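See below for the structure under consideration.
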Ligand SMILES: Nc1ncnc2c1ncn2[C@@H]1O[C@H](COP(=O)(O)OP(=O)(O)O)[C@@H](O)[C@H]1O
Ligand SMILES: [Mg+2]
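Right under this line is the structure:
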């Protein structure tokens with residue numbers, strides 16, 4: 164695996180710094196015949212803003228789920244904020260997961276509830292007993308939720324049903340909900356894959372601003388090279404569940420990334436898929452509508468649009 168990682172002409176990411184907040188060592192995860200992650204190692208230092216870049220099926224979501232303890236590896240270890248996840252169950256696991264916020268591709272809001280109630284669900288791990296609408300939440304939590312809504316620019320929509328908002332607004336609610344945990348780490352799984360380019364740019368900028376303001380460590384999966392380059396501090400490229408690229412974005416061009424992907428591609432079909440998915444630079448991609456079908460279609464679909472800025 165080290166032979167596949169990055170190339171010597173680009174700067175290595177700073178993830179190997181002392182006291183990583185995320186330390187993944189040699190994890191393998193299989194689902195039946197499918198190897199989703201293969202002897203994958205990754206360290207992320209405090210405050211880093213890391214993009215996981217890769218085609219559909221490369222293992223991005225599976226890796227993010229391991230960082231949150233939602234999935235367990237077949238072998239290898241995952242240590243988050245100094246705690247080995249494999250040893251944690253019950254309350255200690257919930258406590259650790261409370262420090263890790265998660266932003267989902269499809270927002271995962273309850274459309275029939277108000278925006279404020281959706282944000283409050285981010286505090287559920289701290290609330291005991293049944294909750295009847297807003298009455299079940301303490302005043303401090305409601306004030307905190309309103310503060311987070313203000314932070315994402317949606318205070319005026321607090322009492323509106325979530326399903327009346329645009330996609331970009333719904334994802335901002337998703338971010339406010341994650342902030343209710345006061346997380347130290349923010350994981351985001353293709354947070355803008357369902358959004359138009361303008362809303363995507365707003366949501367990504369907001370995540371970065373909040374991360375920097377609050378000193379969060381961020382790991383965010385994306386499939387657009389341009390967006391990854393302009394947004395992240397470090398790109399970790401995944402392919403077939405392995406890290407094939409790990410580099411600071413500074414000084415890195417789209418061409419560098421494409422070359423590295425090209426070098427580790429094993430078939431022409433895969434290269435075609437990369438060209439289609441990762442951009443229009445090579446003359447094969449087409450700008451199209453956002454794909455509502457989820458990431459599974461992206462490798463073969465020309466609607467895998469490129470968020471160019
Ligand atoms: N729960 C699951 N059951 C079976 N296969 C899965 C499951 N989760 C992921 N996989 C497979 O693991 C591989 C990696 O998937 P995933 O992590 O979702 O990739 P990505 O998020 O990069 O698209 C894919 O081949 C996918 O089909
Ligand atoms: Mg995914």
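Residue numbers (this note's numbering): 164 to 472. We put the CB at the ideal spot given by N, CA and C, even for glycine. All values reported here derive from a predicted model rather than from experimental measurement.
Checklist entry - Thinking just about the alpha-carbon of each residue, which of 377, 421, 284 is nearest to the one in residue 337? => result In the chain shown, counting from the first residue as 1, residue 337 sits at position 174. Residue 337 has its Cα closest to that of 284, out of 377, 421, 284.
Checklist entry - Thinking C-alpha only, which one of 328, 297, 226, 235 is nearest residue 265? => result Here residue 265 refers to the residue found at position 102 when the chain shown is read from its first residue. Residue 226 is the option with its Cα nearest to residue 265.
Item to check | residue 362, enclosing beta strand (DSSP E) - first and last residue | outcome: Translated into the one-based positions of the chain shown, residue 362 becomes position 199. No beta strand (DSSP E) holds residue 362; the alpha helix (DSSP H) holding it covers 360–377.
Checklist entry - Would you report the Cα separation of residue 405 and residue 274, rounded to the nearest angstrom? => result Numbered from its first residue, the chain shown carries residue 405 at position 242. Numbered from its first residue, the chain shown carries residue 274 at position 111. Distance between the alpha carbons of residue 405 and residue 274: 37 Å.
Checklist entry - Count the other CB atoms within 10 Å of the CB of residue 183; is the residue buried (16 or more) or exposed (fewer)? => result On the chain shown, position 20 is the one that residue 183 refers to. Answer is buried; the Cβ neighbour count reaches 16.
Item to check | Inter-residue spacing [alpha-carbon to alpha-carbon] between residue 314 and residue 195 | outcome: Start at 1 with the first residue of the chain shown, and residue 314 comes out as number 151. Start at 1 with the first residue of the chain shown, and residue 195 comes out as number 32. C-alpha separation (whole angstroms): 43 Å.
Item to check | Where residue 356 falls: helix, strand or coil (DSSP) | outcome: As a working note, residue 356 is residue 193 in the chain shown. Three-state DSSP puts residue 356 in coil, outside helix and strand.
Next on the checklist: Please classify residue 298 as buried or exposed, where buried requires at least 16 neighbouring CB atoms within 10 angstroms.
Outcome noted: For the purposes of this step, residue 298 is taken as residue 135 along the chain shown, with counting starting at 1. Looking at its Cβ environment, which holds fewer than 16 other Cβ atoms inside 10 Å, residue 298 is exposed.
Item to check | Reference residue 231, options 257, 214, 202, closest by Cα | outcome: Numbered from 1 along the chain shown, position 68 holds the residue referred to as residue 231. Selected option, being the one with the closest Cα: 257.
Checklist entry - How should residue 409 be labelled, buried or exposed, when 16 other C-beta atoms within 10 angstroms of its C-beta is the threshold for buried? => result Stepping through the chain shown from its first residue, residue 409 is reached at position 246. Counting Cβ neighbours within 10 Å, residue 409 comes out buried, since at least 16 surround it.
Checklist entry - Around ligand 1, what residues have a beta-carbon under 6 Å from a heavy atom of it, in chain order? => result 194, 197, 199, 217, 219, 220, 221, 222, 223, 224, 225, 458
Checklist entry - Roughly how far, in whole angstroms, is the beta-carbon of residue 358 from the beta-carbon of residue 387, given that I think they are within contact range, below 8 Å? => result Sequence index remark: in the chain shown, residue 358 carries index 195 (1-based). Sequence index remark: in the chain shown, residue 387 carries index 224 (1-based). Residue 358 to residue 387, Cβ: 12 Å. No contact.
Checklist entry - What separation, rounded to the nearest whole angstrom, lies between the Cα atoms of residue 188 and residue 320? => result Position 25 of the chain shown, counting from 1, holds the residue named residue 188. Position 157 of the chain shown, counting from 1, holds the residue named residue 320. Rounded to whole angstroms, residue 188 to residue 320 spans 43 Å at the Cα level.
Item to check | Rounded C-alpha distance that separates residue 423 from residue 262 | outcome: On the chain shown, residue 423 is found 260 positions in, with the first residue counted as 1. On the chain shown, residue 262 is found 99 positions in, with the first residue counted as 1. Straight-line Cα distance between these residues: approximately 34 Å.
Checklist entry - Helix, strand or coil: how does DSSP classify residue 449 here? => result Translated into positions along the chain shown, residue 449 becomes position 286. The predicted model places residue 449 with a pLDDT of 37, which falls under 50 and marks its position as unreliable; any figure quoted below should be read in that light. Coil, per DSSP.
Checklist entry - Do residue 272 and residue 325 have their C-beta atoms closer together than 8 Å? => result If you number the chain shown from 1, residue 272 lands on position 109. If you number the chain shown from 1, residue 325 lands on position 162. Yes; because the gap between Cβ atoms is below 8 Å, this pair is in contact.
Checklist entry - Any heavy atom of ligand 2 closer than 7 Å to the CB of residue 384? => result Within the chain shown, numbered from 1, the residue matching residue 384 stands at position 221. It does: the Cβ of residue 384 is within 7 Å (strictly closer) of some heavy atom of ligand 2.
Checklist entry - Nearest CA to the CA of residue 378: which residue from 371, 210, 364, 260? => result Counting from 1 along the chain shown, the entry for residue 378 is found at position 215. Comparing Cα positions, the closest option is 210.
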